[in-house]
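Quick note: the sequence shown uses full-length UniProt numbering, first residue 1, plus one each step. Yeah, the Cβ is synthetic: ideal placement off N, Cα and C, and Gly gets one too. Quick caveat: nothing in here was measured; it's all calculated off a predicted structure.
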Amino acid sequence: MLRQWVRSKMPSQEALRGNKALRLFGDRLLDPDYWFCNRHSAAVAVAAGLFAAWLPLPMHTLVAIALAVLMRGYLPLAVAMVWVNNPLTIAPMFYFAYQLGRQLLGQPEVEFNTHFSLEHEALAVAVPLFTGSLILALASALLGWLLTRLGWRWKVQLAWHRRYKRER
1 MLRQWVRSKM
11 PSQEALRGNK
21 ALRLFGDRLL
31 DPDYWFCNRH
41 SAAVAVAAGL
51 FAAWLPLPMH
61 TLVAIALAVL
71 MRGYLPLAVA
81 MVWVNNPLTI
91 APMFYFAYQL
101 GRQLLGQPEV
111 EFNTHFSLEH
121 EALAVAVPLF
131 TGSLILALAS
141 ALLGWLLTRL
151 GWRWKVQLAW
161 HRRYKRER
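Laid out in structure tokens, this is it:
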């Protein structure tokens, strides 16, 4: 039932061809492998989406699509995982990333005041933010990939176990 609902929400190939932002990927997006979900493609998609969600850059979705295309992931899931980073979670995520990067780099917390320009303060925040974001992106991508693989395996083993019990 969920699979049918997801398929009904999928864009058509004509819609993908007509999207100006996706022309960057050419006809690669039309490859059926990117639209078929299996253990590998789901795990890669989760990792790509979570990695892109942590990056303090615009256009997270395009980053997730590019990573999923490079690693042969399931595109709809990669795009969905990007939305872990949404208007409600973006501020806490990036604040946590900044604090992590600041502590790892041993930098003091930036105090915003009128003595320095906004550009100076933005540069002082950028390095710890990018450092923390990259570490959290890699960690969450690895953890997401691992949990997806383990969850898929658990689901298959549970199905085998149920089938075995029915046959007895």
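Span of the alpha helix (DSSP H) around residue i
i       : result
Leu-105 : 90-105
Pro-76  : 75-82
Leu-70  : 60-71
Contacts around residue i, its chain only, beta-carbon distance under 6 Å, and the 5 residues preceding and following it disregarded
i       : result
Thr-148 : Ala-42, Ala-43, Val-46
Ala-48  : Ala-64, Leu-67, Ala-68, Gly-73, Ala-78
Arg-39  : Trp-152
Cys-37  : Tyr-74
DSSP three-state assignment for residue i, whether helix, strand or coil
i       : result
Ala-164 : First, the residue type needs correcting, since residue 164 is Tyr and not Ala in the sequence shown. Of the three classes helix, strand and coil, the one that applies to Tyr-164 here is helix, per DSSP.
Arg-39  : helix
Leu-55  : coil
Lys-155 : helix
Asp-31  : coil
Val-44  : helix
Val-125 : helix
Glu-14  : helix
Distance between beta carbons of residue j and residue i, contact taken as under 8 Å
i       : j       : result
Leu-100 : Leu-136 : 7 Å
Leu-88  : Ala-21  : That belief does not hold up - the Cβ atoms of Leu-88 and Ala-21 are roughly 24 Å apart, past 8 Å.
Ala-64  : Val-79  : 6 Å
Trp-35  : Leu-75  : 6 Å
Contacting residues, own chain, Cβ-Cβ under 7 Å from residue i (five flanking each side not counted)
i      : result
Tyr-98 : Val-125, Pro-128, Leu-129, Gly-132
Asp-27 : none
Neighbourhood of residue i by C-beta distance below 8 Å, restricted to the same chain and skipping five residues each side
i      : result
Leu-29 : Leu-16, Leu-22, Ile-65, Val-69, Leu-75
Phe-25 : Ile-65, Ala-66, Val-69
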